[in-house]
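As you go down the protein sequences, you meet chains A and B in turn. All residue numbers for the first sequence refer to the working numbering, where the first residue is 167 and numbers rise by one. All residue numbers for the second sequence refer to the working numbering, where the first residue is 785 and numbers rise by one. We put the CB at the ideal spot given by N, CA and C, even for glycine.
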Amino acid sequence: MAEAYAHPEVIVSADWVVAHLNDPKVRIVESDEDILLYDLAHIPGAVRIDWQGDLQDQLVRDYINPEKFAALCSRSGITPDTTVVFYGDKSNWWACYAFWAFKLFGHADCRVLNGGRKLWLDQGRPTSTEVPKYPATQYSVKGGDVARIRIFRDGVLAHSNSGLPLLDVRSPKEFTGEKLHMEDYPQEGALRGGHIPGAKNVPWSRAVNEDGTFKSVAELKSIFETEIGLKPSDNVVAYCRIGERSSLTWFVLTYLLGYPQVRNYDGSWTEWGNLVGAPIAKGA
Amino acid sequence: MLLDFARRLPPLPERLAAHKDASHRVEECQSPVYLFVEFIGDQIALYADAPIEAPTVRGFVALLLEGLNGATLEDVLKVPNDLVERCGLTEILGMLRVRGLGGVLRRVKSEATRAAMARSEPPAGGAPA
């Protein structure tokens with residue numbers, strides 16, 4: 167039998183979700199890149215939590231504060247003891263991003279539906295367009311171990327200067343600095359292309375199969391350990407453009423391979439590529 | 785509302801569906817969106833394809849098609865460049881999501897200009913010596 171994931175309980179199958187559709191201890195959360203997908207169809211009983219509108223502060227570039235997070239959970243019918251199962255489009259990018267954000271606030275029991283939205287639909291599983299209403303809960307924010315899973319630019323600079331493992335999970339062209347297709351989008355673009363010195367390029371998508379499920383432990387080890395040279399004891403930082411794709415890589419390394427020291431740099435390239443004086447490397 | 789538009793985007797005509805290549809792809813969009821601009825007389829004819837998995841951009845594309853088909857080049861160029869913001873979409877969708885939508889509109893305008901120019905150029909060859 168194939169080697170089990172380091173924390174197998176965080177991955178749930180579609181069958182598991184079907185068996186728990188009416189379980190009051192379980193809340194299914196859809197998080198997508200395209201905000202309208204939830205309206206087209208979602209898992210019956212699932213609530214929508216939007217990475218941008220719900221989880222990010224609309225003024226400061228940061229996540230919402232604990233009071234707003236408590237209010238979000240309360241209106242979504244989530245208690246501190248609820249098992250929250252995330253799923254979404256794009257092979258669960260945004261699901262992993264929401265998972266990571268929930269961990270910033272210390273929510274205990276978070277899981278991801280393997281295969282995400284696409285596999286659920288491809289398998290003809292039940293869907294609904296009805297938006298469920300749950301009684302408001304009392305949610306007190308426990309507070310997560312933020313320093314263990316999130317890193318800011320100064321920390322990243324020190325990390326890079328120390329030659330510690332850095333993973334750039336963007337596409338190869340973004341990594342080399344060739345791609346900067348942002349001419350009319352000053353609010354979106356970066357002024358420099360390239361990567362953080364010392365980073366290795368492992369596009370996020372390599373960790374997932376065609377059907378959106380996660381690759382096996384053996385396959386993941388061959389990428390991250392044999393090819394990239396990581397060890398479970400490494401202190402690893404992952405980044406992408408805004409921290410969404412790297413949340414998936416963070417999830418894979420932390421929960422599937424069991425690396426205890428992986429942090430996501432959510433400032434990512436939209437911060438680093440605009441940061442005055444930040445060192446940058448170009449090319450492959 | 786965008787969702788209603790997304791649901792009724794007509795499929796590409798067969799003759800164009802075969803040409804879904806890079807030159808017709810709207811690069812600004814993260815999702816594969818293909819755009820074709822033609823003129824029938826003075827009137828613009830727009831065709832587009834956007835994935836069902838990206839209902840926001842699909843809805844916006846459908847809205848542009850419904851709004852602009854049959855318009856003249858002049859009218860197309862009159863559409864405000866900040867249409868996306870004027871519709872309030874930035875607030876609803878967030879800054880990071882609307883970038884592709886503005887890109888679709890700019891692409892419609894530049895393609896329309898190009899198609900109109902091509903039409904008004906004299907046919908190649910046969911020019912007097």
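State the beta-bridge partners of residue i as determined by DSSP.
i, result
"Val251/A", "Ile194/A, Arg277/A"
"Arg870/B", "Arg870/B pairs with nothing; no bridge assigned."
"Asn177/A", "The displayed chain sequence assigns Ile, not Asn, to residue 177/A. BP columns for Ile177/A point to Val278/A."
"Arg809/B", "Tyr818/B"
"His361/A", "Ala447/A"
"Ala832/B", "Leu819/B"
"Phe380/A", "Val374/A"
"His208/A", "Ser294/A"
"Tyr421/A", "Bridge partners of Tyr421/A: none, in fact."
"Asn367/A", "Asp334/A"
"Val402/A", "Val428/A"
"Tyr229/A", "Gln222/A"
"Arg214/A", "Glu196/A"
"Ile824/B", "Gln827/B"
Given the structure, does residue i come close to the ligand GTP, in the sense that its CB is under 7 Å from one of the ligand's heavy atoms?
i, result
"Ser388/A", "Ligands displayed in this structure: none; no statement on the ligand GTP is therefore possible."
Taking residue i as part of the beta strand (DSSP E), name the residues at either end of that continuous run.
i, result
"Asn188/A", "Unbroken run through Asn188/A: none, as it is neither H nor E."
Could you tell me whether the Cβ of residue i comes closer than 8 Å to any Cβ of chain D?
i, result
"Glu850/B", "No chain D is part of this structure, whose protein chains are labelled A and B."
Just confirm the distance between the C-beta atoms of residue i and residue j, as a whole number of angstroms; I'd bet it's less than 8 Å.
i, j, result
"Val821/B", "Ala899/B", "5 Å"
"Leu285/A", "Asp200/A", "Incorrect: roughly 17 Å between the Cβ atoms, too far for contact."
"Arg214/A", "Ala302/A", "That pair is no contact at about 17 Å."
"Gly282/A", "Ser257/A", "6 Å"
"Val817/B", "Ala834/B", "5 Å"
"Pro246/A", "Ser306/A", "6 Å"
"Asn280/A", "Ile177/A", "5 Å"
"Lys893/B", "Val868/B", "Their Cβ separation, rounded to whole angstroms, is 13 Å, which puts Lys893/B and Val868/B out of contact at 8 Å."
"Ile394/A", "Val368/A", "6 Å"
"Leu357/A", "Asn440/A", "5 Å"
"Leu793/B", "Arg870/B", "So it is not a contact: roughly 22 Å between Cβ atoms."
"Ser815/B", "Ala838/B", "4 Å"
"Arg411/A", "Arg336/A", "7 Å"
"Gly878/B", "Gly449/A", "Contact flag wrong, Cβ pair sits at about 33 Å."
"Gly360/A", "Ala447/A", "6 Å"
"Pro210/A", "Pro292/A", "6 Å"
"Tyr421/A", "Asp400/A", "Actually they are not in contact, since the Cβ atoms of Tyr421/A and Asp400/A sit about 16 Å apart, beyond 8 Å."
Could you please give the first and the last residue of the uninterrupted alpha helix (DSSP H) stretch that includes residue i?
i, result
"Ala855/B", "Segment: none, Ala855/B is in no alpha helix (DSSP H) and carries neither H nor E."
"Phe390/A", "Premise fails: Phe390/A is in no alpha helix (DSSP H) and is neither H nor E."
"Lys893/B", "883–904"
"Ser434/A", "434–438"
"Leu800/B", "798–801"
"Ala790/B", "786–791"
**Complete alpha helix (DSSP H) runs within the region 265–328 of chain A (minimum length 4 residues, chain order)** = The region 265–328 of chain A contains these whole alpha helix (DSSP H) runs: 282–288, 312–315, 319–327.
**Message:** Can you pull out the residues from the region 180–209 of chain A whose beta carbon lies closer than 8 Å to at least one beta carbon of chain B?
**Reply:** Along the region 180–209 of chain A, going in chain order, the ones with a CB nearer than 8 Å to a CB of chain B are Glu199, Asp200, Ile201, Leu202, Leu203, Asp205, Leu206.
**Asked** Which residues, in chain order, does the region 236–268 of chain A contribute to contact with chain B at a C-beta distance below 8 Å?
**Response** Sequence-ordered contacts of the region 236–268 of chain A with chain B read Asp255 [C-beta pairs closer than 8 Å].
**Members of the region 831–851 of chain B that neighbour chain A once the beta carbon cut-off is set at 9 Å** = Those residues of the region 831–851 of chain B placed with their C-beta closer than 9 Å to a C-beta in chain A are Ile836, Glu837, Ala838, Pro839, Thr840, Val841, Arg842, Gly843, ordered along the chain.
**Request:** Return the residues of the region 218–234 of chain A that lie within a Cβ-Cβ distance of less than 7 Å from chain B, sorted by chain order.
**Result:** Gln218, Gly219
**Request:** Give, in chain order, every residue of the region 855–874 of chain B whose Cβ lies closer than 8 Å to some Cβ of chain A.
**Result:** none
**Request:** Taking only beta carbons into account, state which residues of the region 786–801 of chain B come closer than 8 Å to chain A, listed in chain order.
**Result:** Answer set for the region 786–801 of chain B: Leu786, Leu787, Ala790.
**Prompt:** For the region 877–889 of chain B, which residues have a CB atom closer than 9 Å to at least one CB atom of chain A, in sequence order?
**Reply:** Leu877, Gly878, Met879, Leu880, Arg881, Arg883, Gly886, Gly887
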